[in-house]
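All remarks here apply to the structure that follows.
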Amino acid sequence: MSRLFMFEKPLGMRDTLPELYEKKDRVRSNIAETMKLWGYQFIETPALEYFETVGEASAIDDAQLFKLLDKEGHTLVLRPEMTTPIARVAASKLLKEDIPIRLAYSANVFRAQEREGGRPAEFEQIGVEYINDSTISCDGEVIALLISSLKKAGLDEFQVSVGHVGFAQELFMQILGTNGRTTTLRKFLYEKNYVGYRESVQSFDLSMIDKQRLLKLLQLRGGEEVLSKALSIIENDKGKQAILELQELWRVIKDYGFEEYVKFDLSIVSHMSYYTGILFEVYAGNVGFPIGNGGRYSLIEKFGKKATATGFALRLDRLLEALGGKTLENEMHCIFFSQERRKEAFGLAQQFHSEGKKVVLQDITGVKDLDKFTKKFAGTTFLIGGRDSE
Amino acid sequence: MKNGLTIAMPKGRIFEEAVELLRKAGYKLPQEFDESRKLIIDVPEENLRFILAKPMDVATYVEHGGADVGIAGKDVLLEEERDVYELLDLNISYCYLAVAGLPDTEMNDVAPRVATKYPKVAEAYFREQGEQVEIITLNGSIELAPLIGLADRIVDIVSTGRTLKENGLVEYEKIEDVTSRLIVNPVSYRMKDVFIDELVARLQEVVSYEMGGLLKNENPTSY
């Protein structure tokens with residue numbers, strides 16, 4: 005390995021400098037405020053977890069985990085997402101009473117990146133987990149809260165695409181049974197390889213009708229009308245149930261008045277193997293990657309409690325990208341003072357603070373390049389020598 | 101582009117065939133399209149913007165959302181493994197990935213070496229054969245490698261086989277067929293569904309017609 009430069013950071017790790025921090029902070033607090041208003045309570049969990057517990061239960065690929073050893077030789081992981089640690093906390097501590105729980109978090113998560121090493125390996129996620137309520141109202145609330153949060157953050161153009169794990173699963177089960185062919189099709193769907201999917205379907209020894217049904221799955225993306233189309237190609241009860249759930253969800257979303265933000269896509273399959281019901285992804289027009297995702301999952305069972313939950317996680321870095329490069333208005337004032345008028349300057353600063361205004365107190369003798377320094381401020385006051393000047 | 105699509109096109113071999121296909125699909129592309137050296141060409145009347153990229157980079161532009169859709173060879177998709185939708189086999193620019201080398205030669209036992217522009221494809225292929233080989237990545241003129249003893253085998257795309265023949269090389273195994281595919285960014289696939297569905301439907305029609313239902317029994321209503 006080549007010698008590191010002194011200023012280097014590990015691959016994918018980034019510094020957040022003041023201006024970006026300020027923007028991030030505003031977005032974060034807007035979203036957090038919305039979550040709190042909806043009755044979600046924030047929690048924190050440790051950055052390190054055991055590999056054997058949280059690491060294994062997490063759906064994030066092993067190769068993406070940062071691992072290290074503790075003194076006893078246990079393998080530890082830096083948390084790759086927040087859902088699994090929260091499932092651990094919920095199962096071990098919070099679910100003693102059998103009641104619904106609403107939790108929120110904003111935390112940095114860590115994922116080693118293989119491709120194009122500069123992609124962030126540590127990034128902030130903000131999200132909620134609504135635990136131990138299996139109703140569609142719960143799913144609907146999570147999606148509605150997601151939409152409200154994004155609106156509050158200032159994002160105008162976005163879309164939530166909702167699918168259901170059960171639909172494709174049951175369609176395959178009904179037509180193909182549990183065998184290699186199902187696995188093949190699932191893999192093609194997951195890899196987004198529709199060409200391979202269609203070629204496979206055509207190569208299977210099936211009736212034309214069944215082939216058509218399998219091919220139609222790829223077209224089930226759009227408004228609520230896809231749900232009735234979906235109902236027409238599925239025959240078994242579990243598959244129908246998935247669509248009925250989505251129809252009910254649509255009614256819930258409509259009651260919130262958020263239908264313009266929601267579309268359906270029944271071909272969404274997730275690498276997150278713990279999803280059991282509805283699942284969704286969030287897209288913003290000008291960002292090439294999803295800015296968030298979520299769904300209903302059974303992860304808590306891995307930690308020994310029978311409960312399901314629905315949650316979402318937003319990636320703050322991508323959300324900021326989606327919000328665009330609006331520079332924040334500089335509202336910082338600076339009071340320069342010299343020794344003689346120091347007390348007066350401090351008094352003035354207190355006045356600013358009591359009005360909730362940002363102000364910097366600067367000893368004039370501490371600044372070498374006054375021109376450059378004053379450019380950093382929206383306004384200045386000079387309390388120097390015998391008389392004041394603006 | 102907010103109200104339209106940005107299409108990443110591969111420069112070179114595939115470009116002309118792709119342009120022809122789009123014209124057959126009813127897109128009115130200006131004449132200078134074919135000769136221009138510009139990297140970005142806007143076609144406002146069709147609400148399209150074309151960006152011209154190296155074939156290997158098309159999938160990268162699409163994955164990052166620099167382009168909504170792109171036309172890329174299956175070879176590029178196999179090598180780059182980008183997170184994009186592969187929606188349509190355009191059935192143009194047919195060729196295939198193959199292993200080639202000097203005639204009547206064996207792989208070196210001590211240090212088997214394979215030269216290629218497709219390190220991932222080559223590595224995966226030989227691993228599946230149970231062989232661990234040293235991959236030497238080159239950027240072009242791969243045929244040179246066995247001729248001067250840099251490698252025993254090459255993995256490259258073959259279209260007519262002429263280049264191999266002229267350099268005294270023979271094909272050993274075929275790895276996979278390659279045609280150009282229509283690829284789509286996952287966000288654009290959802291946010292611009294109307295534009296994309298239209299593009300797919302129009303291209304699908306041309307592709308099915310060109311194949312005359314002879315090659316595959318693909319159903320035109322089911323892209």
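Residue numbers (our numbering), protein chains in the order written: chain A, 5 to 394; chain B, 101 to 323. The beta carbon of each residue, even a glycine, is placed where N, CA and C say it ideally should be.
key: Minimum Cβ-Cβ distance from asparagine 103 (chain B) to chain A less than 7 Å   = no
task = For glycine 165 (chain B), return the contacting residues in chain A, with the cut-off set at a CB-CB distance below 9 Å.
result = Asn290, Val291, Gly292, Phe293
key: Length of the line joining the Cα atoms of arginine 213 (chain B) and proline 124 (chain A)   = 35 Å
query = Cβ atoms of tyrosine 287 (chain A) and methionine 291 (chain B): under 7 Å apart, would you say?
reply = yes
ask   = Going straight from the alpha carbon of glutamate 394 (chain A) to that of glycine 383 (chain A), what length do you get?
value = Per-residue confidence for glutamate 394 (chain A) stands at a pLDDT of 47, beneath the threshold of 50, marking its modelled position as unreliable; the derived number appears in the next sentence. Glutamate 394 (chain A) and glycine 383 (chain A): Cα-Cα distance of roughly 9 Å.
ask   = Pick from A:Tyr134, A:Phe55, A:Glu126: whose alpha carbon is nearest that of leucine 98 (chain A)?
value = A:Tyr134
query = For histidine 168 (chain A), does the count of other Cβ atoms within 10 angstroms reach 16, so buried, or fall short, so exposed?
reply = buried
request  = Flag arginine 290 (chain B) as yes if its beta-carbon sits less than 7 Å from any beta-carbon of chain A, otherwise no.
outcome  = yes
query = Does the stretch 185–195 of chain A come close enough to the stretch 294–310 of chain A to have 3 or more Cβ pairs within less than 8 Å?
reply = no
ask   = For leucine 218 (chain A) versus valine 230 (chain A), is the C-beta spacing smaller than 7 Å?
value = Not in contact: leucine 218 (chain A) and valine 230 (chain A) (Cβ atoms no closer than 7 Å).
task = Taking isoleucine 64 (chain A) as the reference, give the member of A:Phe268, A:Glu85, A:Lys233, A:Met39 with the closest Cα.
result = A:Glu85
key: As assigned by DSSP and simplified to three states, the class of serine 152 (chain A)   = helix
inquiry  = Between the alpha carbons of glycine 131 (chain A) and alanine 317 (chain A), how many angstroms are there, rounded?
reply    = 4 Å
inquiry  = Tell me which residue opens and which closes the beta strand (DSSP E) that methionine 212 (chain A) is part of.
reply    = Taken as a continuous stretch (DSSP letters only), methionine 212 (chain A) belongs to no beta strand (DSSP E), being part of the alpha helix (DSSP H) at 212–220.
key: Identified DSSP bridge partners for isoleucine 257 (chain A)   = Bridge partners of isoleucine 257 (chain A): none, in fact.
key: Same chain, Cβ closer than 8 Å to aspartate 392 (chain A), neighbours up to 5 away in sequence not counted   = Any reading at aspartate 392 (chain A) must be qualified, since the residue scores a pLDDT of 47, below 50, and its modelled position is unreliable; the value itself is stated next. Arg345, Thr385, Phe386, listed in sequence order.
query = Curious, which full-length beta strand (DSSP E) runs of at least 3 residues does the stretch 297–352 of chain A contain?
reply = 313–319, 337–341
query = Three or more beta-carbon pairs under 8 Å between the stretch 270–289 of chain B and the stretch 192–207 of chain B, yes or no?
reply = yes
message = Helix, strand or coil, according to DSSP, for alanine 198 (chain B) in the structure here?
response = Note: alanine 198 (chain B) maps to strand in three-state DSSP.
query = Along chain A, in chain order, which residues have C-beta atoms closer than 7 Å to that of asparagine 285 (chain B)?
reply = Gly292
inquiry  = Can you find the residues in the same chain that come closer than 7 Å, C-beta to C-beta, to alanine 234 (chain A), ignoring five residues on each side of it along the sequence?
reply    = For alanine 234 (chain A), where only same-chain residues beyond five positions count, the Cβ hits under 7 Å are Phe171, Leu224, Ile247, Leu270.
key: Euclidean distance between Cα positions of glutamate 252 (chain A) and alanine 108 (chain B)   = Taking the straight line joining both Cα atoms gives about 40 Å.
request  = Can you give me, in chain order, the residues of the stretch 148–164 of chain A that have a beta carbon less than 9 Å from any beta carbon in chain B?
outcome  = Glu161, Phe162, Gln163
message = Short of 9 Å Cβ to Cβ, which residues in the stretch 184–207 of chain B face chain A?
response = Residues of the stretch 184–207 of chain B with a C-beta less than 9 Å from any C-beta of chain A: Val184, Tyr185, Glu186, Leu187, Leu188, Asp189, listed in chain order.
query = Using the rule of at least 16 other Cβ atoms within 10 Å of the residue's Cβ for burial, across every protein chain shown, is asparagine 317 (chain B) buried or exposed?
reply = Residue confidence for asparagine 317 (chain B) is low, a pLDDT of 43 falling below 50, so the modelled location carries little weight; the figure read from the coordinates is stated next. Looking at its Cβ environment, which holds fewer than 16 other Cβ atoms inside 10 Å, asparagine 317 (chain B) is exposed.
query = CA-CA distance, tyrosine 44 (chain A) and glycine 308 (chain A)?
reply = 24 Å
ask   = At least one CB of chain B closer than 7 Å to the CB of valine 146 (chain A): is that the case?
value = no
C-alpha gap between glutamate 234 (chain B) and alanine 311 (chain A), whole angstroms = 50 Å
key: Where tyrosine 287 (chain A) meets chain B, residues with beta-carbon distance less than 7 Å   = Residues of chain B passing the Cβ test: Val287, Arg290, Met291.
inquiry  = For the beta strand (DSSP E) containing valine 287 (chain B), name the first residue and the last one.
reply    = Segment 286–291 is the alpha helix (DSSP H) holding valine 287 (chain B); no beta strand (DSSP E) there.
query = Is the stretch 235–254 of chain B touching the stretch 159–169 of chain B in the sense that three or more CB pairs, one from each, lie closer than 8 Å?
reply = Segments in contact, no.
inquiry  = Let's test the definition: count the other Cβ atoms within 10 Å of the Cβ of isoleucine 114 (chain B) and tell me whether it reaches 16, buried, or not, exposed.
reply    = buried
query = Could you check where the alpha helix (DSSP H) with alanine 63 (chain A) kicks off and where it finishes?
reply = Neither: alanine 63 (chain A) is in no alpha helix (DSSP H) and is coded neither H nor E.
Threonine 188 (chain A) - containing alpha helix (DSSP H), residue span = 184–194
ask   = Would a C-beta distance cut-off of 7 Å place isoleucine 179 (chain A) and aspartate 214 (chain A) closer than the cut-off?
value = yes
query = Of all the options B:Pro219, B:Leu244, B:Asn191, which has the alpha carbon lying nearest to the alpha carbon of glutamine 232 (chain B)?
reply = Shortest Cα-Cα distance from glutamine 232 (chain B) to any of B:Pro219, B:Leu244, B:Asn191 involves B:Pro219.
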